[in-house]
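*Asks:* Numbers 1333 to 1609, taken from my numbering, label the letters of the sequence shown in order. Beta carbons: idealized from backbone N, C-alpha and C, even for Gly. Remember, predicted model here, so these are calculated numbers, not experimental data. Please read through the structure below; I'll follow up with questions.
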Amino acid sequence: MSEPMLLLWLVIGHIVGDYYLQPKRWVDDRNEHNAQSKWLLAHVAVHGALTGTIVALYIGTVPATAFAVLAVVVTHFVMDVIKSHQIGKPLLWLLIDQAVHLLVLFVLWALLTEQSSLQVVKALLAKVDAKFITIFIGYLLVLKPASVLIATMLDRWSAALESNKAPGETETNTPQVAAGAEPAAEPNAEASHSLESAGEYIGYMERGLIVTFILANQLAGVGFVLAAKSVFRFGDLRDKHDRRFTEYVMAGTFASISIAFVVGLIVALYLGINIQG
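Next up, the structure:
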């Protein structure tokens, strides 16, 4: 087993222990009883057993195995207790929790294999070429920057929808349109059943998928994304019976698609991908 394989097996052990060998009742009990949860102890014991088995098979010495088990058990217990006390922003804390666990595994791997962290970082950076950076920039552009651009483009129409009147009209309803997000199915916040920020994340996924399908030279996948979105949008527009709202949604939808398509084609052109329909 090569040295990188040890790190990969440690990551696999972490994924299995955190997501496949941790029933929901363990998580609920941890969130309720925090450090006093017996199932939290069972959870970290599972991680200790997985890590110990992997290190024992690879390194084969008791001190190395004991050190690895202790490091994983202690850090996992501390992080899970901290996370159990956090009420708000569950996604943020999930990402922080996973980042800390993976960092611990990386440091543990570096210590066990006597790898210099600087050497590892240099080796990873050496594998990052201009093509990777170009693809990374492409995905960055179609996420938040594209969302801000679309919101700016639609701003003057959003204001008209928020006041529920076209220029020159006198109605005084006050519905709300979320700036920076995909055009909502219903501009009136009080009457809306849409999820908070869901439209924005849907836009992220839509544009990300379009770029991915273009780079994979699978334009049929782009058609699938557009067809799926059209089905849901058709119901929204049919029920709304508002021409201004329909135009607003169409403008936002086509702007989102166009941005993703242009960025995807530019990246594909730079990478020398021959796009075929």
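The alpha helix (DSSP H) that contains Thr1383, what's its start and end?
*Replies:* 1370-1390 is the span of the alpha helix (DSSP H), which, as asked, contains Thr1383.
*Asks:* Below 8 angstroms on the Cβ atoms is my contact criterion, and I expect Val1474 with Ala1592 to pass it. Report the Cβ-Cβ distance as a whole number of Å.
*Replies:* Their Cβ separation, rounded to whole angstroms, is 5 angstroms, which keeps Val1474 and Ala1592 in contact under 8 angstroms.
*Asks:* Inspect the beta-carbon positions of Phe1564 and Gly1553 and report whether they are closer than 8 angstroms.
*Replies:* No. Outside cutoff.
*Asks:* Buried or exposed: Tyr1352, going by 16 or more other Cβ atoms within 10 Å of its Cβ?
*Replies:* Exposed, because fewer than 16 other Cβ atoms sit within 10 Å of the Cβ of Tyr1352.
*Asks:* Over what stretch of residues does the alpha helix (DSSP H) that includes Glu1364 continue unbroken?
*Replies:* Residues 1356-1365.
*Asks:* Beta carbon of Phe1466, beta carbon of Leu1373: below 8 angstroms?
*Replies:* Residue 1466 is actually Thr in this sequence, not Phe. No, they are not a contact pair.
*Asks:* Given this structure, state the Cα-to-Cα distance separating Lys1356 from Leu1601, to the nearest angstrom.
*Replies:* In a straight line, the C-alpha of Lys1356 is about 46 angstroms away from that of Leu1601.
*Asks:* On the DSSP letters alone, give me the boundaries of the alpha helix (DSSP H) that Gln1430 sits inside.
*Replies:* Segment 1422-1444, the alpha helix (DSSP H) holding Gln1430.
*Asks:* Answer yes or no: do Leu1437 and His1346 have a C-beta to C-beta separation smaller than 8 angstroms?
*Replies:* Closer than 8 angstroms, so yes.
*Asks:* So, with DSSP's three-state summary, where would you put Ser1529?
*Replies:* It is coil, neither helix nor strand.
*Asks:* Counting along the chain, where does the alpha helix (DSSP H) carrying Lys1463 start and finish?
*Replies:* Note, Lys1463: alpha helix (DSSP H), 1462-1473.
*Asks:* My output table needs one value for Gln1447: the three-state DSSP class, helix, strand or coil.
*Replies:* Coil at Gln1447, not helix or strand.
*Asks:* Grouping DSSP H, G and I as helix and E and B as strand, with all else coil, what is Thr1585?
*Replies:* Thr1585 falls in the helix class under three-state DSSP.
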